[in-house]
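Okay, structure first, notes after.
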Amino acid sequence: MSAEYKPLVLVVEDEPAIHKFLSVSLEAQGCRLISSMTGKDGLLQAATRTPDAIILDLGLPDMDGIDFVRQLRGWSQTPVIIISARGRELDKVAALDAGADDYLTKPFSVGELQARLRAVLRRRTAQSAGDSPIYTVGELSVDLVSRNVKLADKEIHLTPNEYRMLAYLIQHAGRVVTHQQLLKEIWGPDSTQETHYLRVYVNQLRQKIEPTPTQPKYLLTEPGVGYRLAAGD
Amino acid sequence: MSDDLREHDRPNPDELLARVAAEEQKSTRGRLKIFFGMSAGVGKTYAMLEEARKRAEEGMNVLIGYAEPHIRPETEALLLGLEILPYKIVEYKGAKFKEFDLDAALARKPTLICIDELAHSNAAGLRHAKRYQDVLELLDAGINVYTTLNVQHLESVNDIVERTSGVKVHETLPDIIFEQADDVQLIDIPPEKLIERVREGKIYQQHDADQLSRQFFNKGNLSALRELALRRTADRVDAQMEDFRRDNAVKSPWPTADRIMVCVGPSPSSAQLVRAARRMATALKAQWIAVNVETPKAAELPADARERIIQTLRLAEHLGGQTITLSGTQPVEEILSYARAKNVARIIIGKPSHSRFRERLIGSMVDDLIRKSGGIDVYVIREEKGVDFKQPRHRPMPTVRFTGYAWALGVTAATASLGIFLHHRLGIANSNVLMIDLMGVMLVGWRYGRGPAILASVLSVLGFNYTVVEPYYSFGLSGGQYVITLIVMLATALMISTLTNRLSRQGEMARRRQRRTVALLELARELAATPEKSRIIDIAVRHVSQVFDCQVVILLPDQDRRLASAGRSSEAPDMDEKEHGVAQWVFDRSEPAGATTDTLPFAQGLYLPLRASRGIAGVLGVYTPKTADFSDPERLHLLEAFVNQAALAVERVALADEAQRAWERAEAEFIRNTLLSSVSHDLRTPLSAITGSATTLLESGESVDVATRRELLRTITDEAEHMERFINNLLDMTRLESGGLQPRLELYPLQEIVASVLERFRQKGTRRNIEVKIRTDFPLLSVDGPLVEQVLINLLDNALEYTPATSPISIEAQADEKQIIIRVADRGPGLPKEDPNRVFQKFYRSSTSANHRGIGLGLTICRSIVELHKGTIQACNRAGGGAEFIITLPNSSGRAALQISDNPSHIQS
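Protein chains in written order, with the working numbering: chain Z, 1 to 233; chain L, 1001 to 1909.
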């Protein structure tokens, strides 16, 4: 994070203890923080202060976190990171599908949160600066212009669908992509229920792009939610 | 009393217990005080009301439940100021009766209630046939009762009263009520004074007085009654004295265990024998049994005689005796063998009324009994009435069976023809021919009974005389000498037919008894083999309705002890509220009631309590068009035997249920305790580490060096992580146990699940190498992905925790058409040898796990999840050391390997 620009982060969460440690840790990382205890106030702050990212707790006292995301997406593309208690996979997926960018399960470590935050902020800056044409992570490199995929400098042949999937994941590298988002992207909006096809393709893709397919390093599974491609180097 | 039994001179524990129980019951029960006198007019009601008044003045809550309408003015004055319960007006056959209102009294629930005339018979339509039953119910409700009674109403002196005064008293009271009263106060005045009172019209209204006094109030009668009353009171005092002596363990004669048996038959004087037995039993404090022997001849008794036997047996039960019906051809043998089996010391039998000639001829049963009785005393009691009663000569009208007579004719014709042939053609002597005729007669007698046999014998003699005795083909003069032949023939015919008859009757009786025994046995067997309550009810209903040819309902209580129908035969009538009320009463009081009983006799059905060892389990009701069906004590006993079987079966199931619940409770208790100790331990340990580290940092953070500070912070995060895992396990377990978790089945490549699991371990910083062997074309699994991941995570967690850091861990999978097998194996210390699968038990922790964290839920969760997927999980020790967990899941794809086309076109469809 650059020294001259301090990103503004809005934390919408009803638990004061979490506000406290987030403000300490994020400010130490060079962020400015706005705290909001309710959903309504959070939306107001999002509209008036235009933060660079929003950290949102799904269990708000006055409104559903999913509704918060839907309302926010009506007028803002500010990245949103969901934090929610475990065992609410369906809620997380719903929030992600509604437009949230990533999620974290409580309890979470600050390191994780910072990594996620960095990923969404990078996307924001990348969008403004234009996408980098080459994605590399570890031994995998993908040239998005020439559609050239290499693993350990060896060229790999991907089927069109595999490539489309990989390209979509690269666009969202470092962030979670839900099954629905991937399905819609690759096979269109009508085939959103056939998640097992997706799994088969992901499995196939892993066979090609992972050095050890049974222990993937790049294309990771987010259980019950979707997939995440490791953020590029 | 025999000497050998006299050594029981101290109360034995059982009897003491029984007395304690009786006293306990008494303490919650109301107390009964009887104002007892020799006849009306002695002042019982006056004394009762006077005392009640005193109690009321002392502040007791007194209610006058019922005072006779013919009350005298002085007596009526005593009622002033006392609360009087209004009469219940009962209409019966157009007439109105004023009766005691039991329900109102129970609802009012006074401390003391006064009710006149204990022996009164209630009007039809009331709950009980007798007022004393009302009183018993009041006592049970904890209400104290004052009541009045005249001596002539006591059941056991009923016959004496009748004999001395000539007045038949119809309203009788079982002696047991009198004997068990808490208090009896004798009201006595000299007979002269009483006669004077009657003359002055103080007792009954004037017009009754003359007629009554002529009949009843003469000095002789009154003196006799007075003596009876005094004696009965003295007996009671004596009994109380006896109790006192026993309580204080004064060395005294102790009641023996032997019994008194009274033999009853169809004679009307049998009732007298029963009363005598009862009096003797009371005097000796012995149990007594009334016995009737059913001989084949009994079947020949007229209906009224049979009815009398039944009545006598019912009387015996009423008076507190046991009753039993024996059967056999030799009454004396039956009586004696039963008597010996039951430890009977005294047998009471009526003096026979047969003529001396008859006695000489066929012997007397009494003589026989006395001769064979051995050590048993036999008391022969004079039969006061019914001396003229003869053994019934009446036999059921033989049904004329023409076939029998036709056969008699035919057989005679055949023997005659054979005789003609043998004698005239073959020259065989006619004495031999006679044997053939005799044979024919015997045949007819054996096959067709008495009438045809007589006909055959007469015809045979005539035929014999006519055909083979000279002069042939005429009834010659010489026929006269065949009178003897005729007599012998007739005698043979009669003997054979009688024997046959008796045999067949015996056979019939034996069959009947056997049928009953078999029926009971079948019920018992079927019930014993049935573990469910509803089936037991059905079986009981079916058996009772079949054996007794009646409609049956069984009612069982709910939580609030309200009865509800649990089973019924198909044609059982619907129970209206009234019938239900009767059944409920039976349940509440644990006494039979309804049709054919004295309690609530107007009811449609007869209701019996299902009594079992621990109280009443329910009520069985029977409906039969013939109400007399169950007035036969024997039939009733058989029914009771059935009911007992059913009751025991119902209780057995209830006990089994209870045991199951108790086990579940204990199990739940165990789990709760383990959980509590586990939760308190496993949450407190990390919590104290966190608190300790945090407070250290807080209070002396500046003084500790950086490395120590980092270490403390590391402890906090590690322990927090541990707590999280613990809580997650608990939550998972709760979700799985509650059964609310439905797996969201989707098709997953196993590789993806495994990859996700390994990713998690990698994120947690696990450095161990986990070898994965899964074919790339492995079929898809139809599972709930996150749940199966949880299984693998828990298994790997354990493997990582319990094995040395260098030992290998592997995940392997195989598939065939039917199932998918996943093995997670390590080379650690292995599992408990005797039963590796114990590790799946909730809160199981191995002896080696003392140093490790965990609450023993991980593997239980694994098993629950796998079972949710209709699979199995097993644990075993590997050859060469180490543990292996084998998960078997059904292969829903039905393929051993995955075939996948690279062309995605089929997906787009």
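Cβ coordinates follow ideal geometry from the N, Cα and C atoms, glycine included.
Tell whether a beta-carbon distance below 8 Å holds between residue i and residue j.
| i | j | result |
| --- | --- | --- |
| Leu-1555/L | Gly-1618/L | yes |
| Asp-1538/L | His-1128/L | no |
| Ser-1267/L | Gly-1328/L | no |
| Ile-82/Z | Ala-100/Z | yes |
| Phe-1217/L | Ile-1195/L | yes |
| Gly-1828/L | Tyr-1844/L | no |
| Ile-1260/L | Trp-1288/L | yes |
| Ala-1406/L | Val-1444/L | no |
| Val-225/Z | Thr-178/Z | yes |
| Leu-1319/L | Pro-1174/L | yes |
| Gly-1596/L | Phe-1630/L | Correcting the residue identity first, residue 1596/L is Thr in this sequence and not Gly. A contact, by the Cβ cut-off of 8 Å. |
Locate the alpha helix (DSSP H) running through residue i, then write down its first and last residues.
| i | result |
| --- | --- |
| Ile-1289/L | It is not in any alpha helix (DSSP H) - Ile-1289/L instead sits in the beta strand (DSSP E) that spans 1287-1294. |
| Thr-1325/L | That residue, Thr-1325/L, is in no alpha helix (DSSP H); its beta strand (DSSP E) goes 1322-1327. |
| Leu-1154/L | Leu-1154/L -> no alpha helix (DSSP H), and no H or E assigned at all. |
| Tyr-1087/L | It is not in any alpha helix (DSSP H) - Tyr-1087/L carries neither H nor E in the DSSP assignment. |
| Gly-1037/L | Not the alpha helix (DSSP H): Gly-1037/L falls in the beta strand (DSSP E), residues 1032-1037. |
| Ala-1453/L | 1450-1468 |
| Val-1332/L | 1331-1341 |
| Phe-1097/L | From DSSP, Phe-1097/L is part of no alpha helix (DSSP H) but of the beta strand (DSSP E) over 1095-1099. |
| Ala-1595/L | That residue, Ala-1595/L, is in no alpha helix (DSSP H); it is neither H nor E in DSSP. |
| Pro-1073/L | 1073-1079 |
Hey, is residue i's beta-carbon within less than 8 Å of any beta-carbon in chain L?
| i | result |
| --- | --- |
| Gly-224/Z | yes |
| Pro-216/Z | yes |
| Met-1/Z | Its pLDDT being 47, under 50, Met-1/Z is placed unreliably in this model, and the coordinates cannot settle the point. |
| Ser-128/Z | Caution is warranted here: a pLDDT of 47 is assigned to Ser-128/Z, below 50, making its placement in the model unreliable, and the coordinate value is therefore given only provisionally. Output row for Ser-128/Z: interface = no. |
| Val-202/Z | yes |
| His-196/Z | yes |
| Gln-114/Z | no |
| Arg-147/Z | no |
| Ile-18/Z | no |
| Arg-199/Z | yes |
| Glu-15/Z | no |
| Lys-6/Z | no |
| Gln-180/Z | no |
Give the range of the beta strand (DSSP E) segment to which residue i is assigned.
| i | result |
| --- | --- |
| Ala-1067/L | Ala-1067/L -> no beta strand (DSSP E), and no H or E assigned at all. |
| Ala-1129/L | No beta strand (DSSP E) contains Ala-1129/L, which DSSP labels as neither H nor E. |
| Leu-1868/L | Premise fails: Leu-1868/L lies in the alpha helix (DSSP H), 1858-1868, not in any beta strand (DSSP E). |
| Gln-1874/L | 1872-1877 |
Are any of the Cβ atoms in chain Z nearer than 8 Å to that of residue i?
| i | result |
| --- | --- |
| Gln-1751/L | yes |
| Pro-1779/L | no |
| Pro-1786/L | yes |
| Asn-1891/L | no |
| Ala-1815/L | no |
| Thr-1776/L | yes |
| Ala-1529/L | no |
| Ala-1910/L | As shown, chain L starts at 1001 and ends at 1909. That puts residue 1910/L outside it, with no answer to give. |
| Pro-1904/L | Low confidence applies here, because Pro-1904/L scores a pLDDT of 37, under 50, leaving its location unreliable; read the following figure in that light. Interface residue, yes. |
| Tyr-1748/L | yes |
Using 8 Å for Cβ pairs, my map puts residue i next to residue j. What's the rounded Cβ distance?
| i | j | result |
| --- | --- | --- |
| Leu-22/Z | Leu-10/Z | Actually they are not in contact, since the Cβ atoms of Leu-22/Z and Leu-10/Z sit about 11 Å apart, beyond 8 Å. |
| Asp-57/Z | Asp-14/Z | 7 Å |
| Glu-162/Z | Gln-204/Z | 7 Å |
| Val-1754/L | Ile-1811/L | 6 Å |
| Gly-232/Z | Tyr-135/Z | 5 Å |
| Pro-1331/L | Gln-1506/L | Contact doesn't hold; Cβ gap of about 13 Å is too wide. |
Does the stretch 1140-1155 of chain L come into contact with the stretch 1030-1050 of chain L, if we say contact requires no fewer than three beta-carbon pairs (one atom in each stretch) closer than 8 Å? The stretch 1140-1155 of chain L vs the stretch 1030-1050 of chain L: in contact.
Check whether the stretch 1057-1072 of chain L touches the stretch 1110-1117 of chain L, counting contact only when three or more Cβ pairs, one atom from each stretch, lie closer than 8 Å. Touching, yes.
Kindly confirm or deny that the stretch 1540-1547 of chain L and the stretch 1654-1668 of chain L touch, where touching means at least three C-beta pairs closer than 8 Å. Because the criterion of three Cβ pairs below 8 Å is not met, the stretch 1540-1547 of chain L and the stretch 1654-1668 of chain L do not touch.
Tell me whether the stretch 1648-1658 of chain L and the stretch 1524-1538 of chain L touch, counting them as touching only if at least three CB pairs, one residue from each stretch, are closer than 8 Å. A contact exists between the stretch 1648-1658 of chain L and the stretch 1524-1538 of chain L.
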